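Heads up: the structure comes next, in structure tokens.
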Amino acid sequence: MDTQRIIALIIFSFSGLLLWEAWQKHNSPPLAPKNPTAVAAPSGTTPNTPQTPTVPAAGAVPASAAGLPTPTVSASTAVAGAPALAPAASTKSVSVRTDTLAVELDGVSGDIRNVVLLKHVARGDTTRQFALMQEKVGHYFIAQSGLLGDGLPNHTSKWVASGENFDLGGGEKTEVVFTNTDLPGVTVNKVFIFQRGSYVVDLRYDIKNDSAAPIAPKAYFQFLRDANPPEGESSGSNPFTGIATFTGPAVYTEQKKFQKVAFSDIEKNKADYVKEASDGWIAMVQHYFVSAWLPQGSGGREYFTKRVTDTLYSAGVIVPIASVGAIAPAATASLTMPLYVGPQEQEKLKTLSPGLDLVVDYGWLKTLAYPMFVVLSFLNSMIGNWGWTIIAFTILLKLVFFPLNQKAGKSMAHMKTLMPKMEALKARFGDDKMKLNQAMMELYKTEKVNPLGGCLPIVIQIPFFIALYWVLLGAVELRNTPWMGWITDLSTPDPYYVLPVLMGASMFIQTKLNPQPADPIQAKVMLILPIVFSIMFFFFPAGLVLYWTMQNILGIAQQWYINKTFNMAPAKTTAGKR
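Mind the numbering: the sequence shown is residues 460 to 1037 in the numbering used here, read in order.
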């Protein structure tokens, strides 16, 4: 009985430890770069003439990426301590508003400098919408694009916008056109296409070659951001009051599938990902949201990540404009690059590009977590409240595991009938542990009892609990989702700690319903555990605490039923008596 209890205690504690370590890991801000060395604009490079591509050192970004112009930062939001970059962005802007997005484009370069998701509110401030991209000290994230080739315009060039304010209104689609004619005989249009109900912005390059010579341009599309956690996901020195899963670039190809690229690896030039492929996409991932360049077709493409300054990093893709390799005189060519900027809604992401749904961080139990999310989504479609959905799912899960728990109850009941014989063996062999263990094993064999039989159901259920933890942590569907009363956001901690206290109380009652250990140390540990877990759960999402509390309440009912069915009245502890 003691062996079974010890193993169950170890398993239970290990499960909590896994969650605690995962929580701390994903709440800690990224490591700051060490000994930074800023990357200045390439020598001899002018705003309108990108540097001729050169082959970089082994293991660096693709050759074409070496010719990219240095990313720009507007003067008003230059990162403190960072050296001057390439020509600063203009103060002119073009605003676009749809039913889902409010976007600000640089009026000269066409850079995407601010993206606000109109259907998602900011963390901790429900009076304003969530800004996915923004120019702000400490939270800098923008998107840039341009062409590679002598004299062709890039994101440091001057473009002429077709207007200043665009509102979708009652329409289905609106377009913003930026035009550049810097290269004689060549007209380049950079067209942003916004559609109703969509988080996808199509960026199309239209090139007309009226010159006397063929041109073979490539287009690059990149993100530029700092390594800080997203706004509202961390409070600096306190790692417990916000949630921050992986933040950084991610590359997907059929060759290596989904690959995260840590900022620290980019800094050390040790980033491991597929750099040249004929498929895939590149994204900038953060908790609940993702921004992704989604190349179309099966043409060749080059993925790159770069450290731009001591605080800024870029990640992007380079693709050829013309499938035939060059645009002949009097010919035209076009390239469309979809940009997704929105929430990590898995079913929608699946329809956009293969593997895009993998940006949802379910940890190492994704194969188990995703089916659980599907079941939760199905239940919520009928219930309409995620809090009650979690409760319904907990009941369903408890019913699924009821036979296993019944088996564990029978095992504990059988073990309880052996207690007099076990106590007799302890009295007989005293401190001779070896002979006592041999006698115990012989008793188990004779009585056909497995001392670990009651632990198996616990072991089986642990992966399901951890998987559900990742679902509740990573699902954007729970973000800013209320349950009832004081629980206005199931993805954040209970502001008044009511649920953690209830969880601890239910855990204490459940402990009391079980036969009490004879060993005084075990008895004290069993009493302390509810307090420890209550304090730990002060910092967990309310949705997860709700699940565990409901699990305990159902466990109390189940243990009462088992005690009654198998006549297992809780034994009084003999702690401290010898």
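Here a beta-carbon is modelled for each residue, glycine too, at the ideal position from N, C-alpha and C. A quick note: this is a predicted structure, and the numbers were derived from the prediction, not measured.
Which first and last residues belong to the alpha helix (DSSP H) in which Pro879 is found?
By one-based count along the sequence shown, residue 879 stands at place 420. It spans Met878 to Phe888 - the alpha helix (DSSP H) in which Pro879 sits, taken as one unbroken run.
Comparing alpha-carbon positions, which option in Pro922, Ile968 and Phe682 lies nearest Tyr821?
Start at 1 with the first residue of the sequence shown, and residue 821 comes out as number 362. Comparing Cα-Cα distances from Tyr821 to each of Pro922, Ile968 and Phe682, the minimum goes to Pro922.
Burial state of Ile777, where buried means 16 or more other Cβ atoms lie within 10 Å:
Locating residue 777 in the sequence shown gives position 318, where the first residue counts as 1. With 16 or more other Cβ atoms within 10 Å, it is buried.
Return the CA-CA distance between Pro708 and Gly814, expressed in angstroms with no decimal places.
Along the sequence shown, one-based indexing puts residue 708 at 249. Along the sequence shown, one-based indexing puts residue 814 at 355. If I take the Cα positions, the gap works out to 15 Å.
With distances taken from CA atoms, which of Tyr664, Ser965, Ala686 and Leu683 is nearest Pro676?
Counted from its first residue, the sequence shown places residue 676 at position 217. Measuring from the Cα of Pro676, the nearest candidate turns out to be Tyr664.
So what does DSSP say about Phe419, is it helix, strand or coil?
Any answer about residue 419 is impossible in this case: the structure gives the chain only from 460 up to 1037.
Would you identify the three-state DSSP class for Gly622, choosing helix, strand or coil?
Mapped onto the sequence shown, residue 622 falls at position 163. Gly622 falls in the coil class under three-state DSSP.
Can you check whether the CB of Glu634 is closer than 7 Å to the CB of Arg655?
As a first step, residue 655 must be located in the sequence shown, where it is residue number 196. As a first step, residue 634 must be located in the sequence shown, where it is residue number 175. Contact flag unset, no.
Beta-carbon proximity of Arg556 to Glu563, cut-off 7 Å
Residue numbering aside, residue 556 sits at position 97 when the sequence shown is read from its first letter. Residue numbering aside, residue 563 sits at position 104 when the sequence shown is read from its first letter. No, Cβ-Cβ distance for Arg556 and Glu563 is not below 7 Å.
Taking 8 Å as the threshold, find out whether the stretch 668 to 675 comes into contact with the stretch 635 to 647 through three or more Cβ pairs.
yes
Classify Tyr762 as buried or exposed, calling it buried when 16 or more other Cβ atoms lie within 10 Å of its own Cβ.
Translated into positions along the sequence shown, residue 762 becomes position 303. By the 10 Å Cβ count, Tyr762 comes out buried.
Just curious, the beta strand (DSSP E) that Tyr956 is in, first and last residue?
Residue 956 sits at position 497 when you count from the first residue of the sequence shown. That residue, Tyr956, is in no beta strand (DSSP E); it is neither H nor E in DSSP.
Across which residues does DSSP place Ile777 in a beta bridge pair?
Position 318 of the sequence shown, counting from 1, holds the residue named residue 777. Note: Ile777 sits in a beta bridge opposite Tyr679 and Glu761.
Quick check: is the beta carbon of Tyr762 nearer than 7 Å to any beta carbon in chain E?
Looking at the structure shown, chain E is missing, and only one protein chain is on hand.
Distance, Cα to Cα, Trp945 vs Phe998?
As a first step, residue 945 is located in the sequence shown; it is residue number 486 there, counting from the start. As a first step, residue 998 is located in the sequence shown; it is residue number 539 there, counting from the start. Those two C-alpha atoms are separated by around 16 Å.
Please work out which residues of its chain come closer than 7 Å, Cβ to Cβ, to Ile990, disregarding the five sequence neighbours upstream and downstream, and give them in chain order.
The count along the sequence shown starts at 1 and reaches residue 990 at position 531. Hits under 7 Å: Gly963.
Residue interval of the beta strand (DSSP E) (run including Ala561)
Stepping through the sequence shown from its first residue, residue 561 is reached at position 102. From DSSP, the beta strand (DSSP E) with Ala561 extends over Leu560 to Asp565.
Taking 7 Å as the cut-off, decide whether the C-beta atoms of Met743 and Phe682 are in contact.
Here residue 743 refers to the residue found at position 284 when the sequence shown is read from its first residue. Here residue 682 refers to the residue found at position 223 when the sequence shown is read from its first residue. Contact: yes.
Within 10 Å of its beta-carbon, does Leu771 have 16 or more other beta-carbons around it, so buried, or fewer, so exposed?
Here residue 771 refers to the residue found at position 312 of the sequence shown. Buried, by the Cβ-count rule.
Could you check how far apart the C-beta atoms of Ala678 and Ile780 are, in whole angstroms? I think they sit under 8 Å.
The sequence position of residue 678 within the sequence shown is 219, counting from 1. The sequence position of residue 780 within the sequence shown is 321, counting from 1. Rounded, the Cβ-Cβ distance is 6 Å, consistent with contact.
Quick check: what's the CA-CA separation for Thr585 versus Pro954?
For this step, residue 585 is matched to residue 126 along the sequence shown. For this step, residue 954 is matched to residue 495 along the sequence shown. Each residue's Cα considered, the two are about 15 Å apart.
So the alpha helix (DSSP H) Gln593 belongs to, where does it begin and stop?
Working through the sequence shown from its first residue, we reach residue 593 at position 134. Taken as a continuous stretch (DSSP letters only), Gln593 belongs to no alpha helix (DSSP H), as it is neither H nor E.
Under the assumption that Val553 contacts Ala620 (Cβ atoms under 8 Å), give the Cβ distance between them as a whole number of angstroms.
Position 94 of the sequence shown holds residue 553. Position 161 of the sequence shown holds residue 620. So it is a contact: roughly 5 Å between Cβ atoms.
Taking 7 Å as the threshold (C-beta atoms), are Ala1001 and Leu958 in contact?
Mapped onto the sequence shown, residue 958 falls at position 499. Mapped onto the sequence shown, residue 1001 falls at position 542. Yes; because the gap between Cβ atoms is below 7 Å, this pair is in contact.
Take Phe717 as the anchor and find which of Met995, Phe888, Trp740 and Gly628 has the nearest alpha-carbon.
For this step, residue 717 is matched to residue 258 along the sequence shown. Of Met995, Phe888, Trp740 and Gly628, the residue nearest in Cα terms is Trp740.
For Tyr599 versus Arg684, is the C-beta distance shorter than 7 Å?
Looking up residue 599 in the sequence shown gives position 140. Looking up residue 684 in the sequence shown gives position 225. Closer than 7 Å, so yes.
Looking at C-alpha atoms only, which residue of Ile968, Ile994 and Asp609 is the closest neighbour of Asn1011?
Sequence index remark: in the sequence shown, residue 1011 carries index 552 (1-based). The option with the nearest alpha carbon to Asn1011 is Ile968.
Coarse secondary structure for Ser1054, derived from DSSP in three states:
Shown here, the chain extends from 460 to 1037; a query on residue 1054 therefore has no answer.
Ile725 versus Gln865, Ile919, Tyr658 and Lys765, residue with shortest Cα-Cα distance:
Numbered from its first residue, the sequence shown carries residue 725 at position 266. Here the closest residue by C-alpha is Lys765.
In whole angstroms, what separates the C-alpha of Gln1018 from that of Asp816?
In the sequence shown, counting from the first residue as 1, residue 1018 sits at position 559. In the sequence shown, counting from the first residue as 1, residue 816 sits at position 357. Straight-line measurement puts the Cα of Asp816 at about 40 Å from the Cα of Gln1018.
Just the Cα atoms here: how many angstroms apart are Leu858 and Gln755?
Indexing the sequence shown from 1 puts residue 858 at position 399. Indexing the sequence shown from 1 puts residue 755 at position 296. In a straight line, the C-alpha of Leu858 is about 46 Å away from that of Gln755.
Whole angstroms are fine: how far does the CA of Ser757 sit from the CA of Glu735?
If you number the sequence shown from 1, residue 735 lands on position 276. If you number the sequence shown from 1, residue 757 lands on position 298. One Cα belongs to Glu735, the other to Ser757, and the distance between them is close to 12 Å.
Do you know how far the Cα of Asn613 is from the Cα of Gly566?
Counting from one through the sequence shown, the residue named residue 566 turns up at place 107. Counting from one through the sequence shown, the residue named residue 613 turns up at place 154. Straight-line Cα distance between these residues: approximately 14 Å.
Cα separation between Asn844 and Lys595?
One-based indexing of the sequence shown puts residue 844 at position 385. One-based indexing of the sequence shown puts residue 595 at position 136. Approximately 35 Å between the Cα atoms of the pair.
Helix or strand or just coil, what does DSSP make of Asn668?
By 1-based counting over the sequence shown, the position of residue 668 is 209. Three-state result, Asn668: strand.
From Leu437 to Val930, what distance separates their C-alpha atoms?
Here the chain comprises residues numbered 460 to 1037, so residue 437 is not present and cannot be evaluated.
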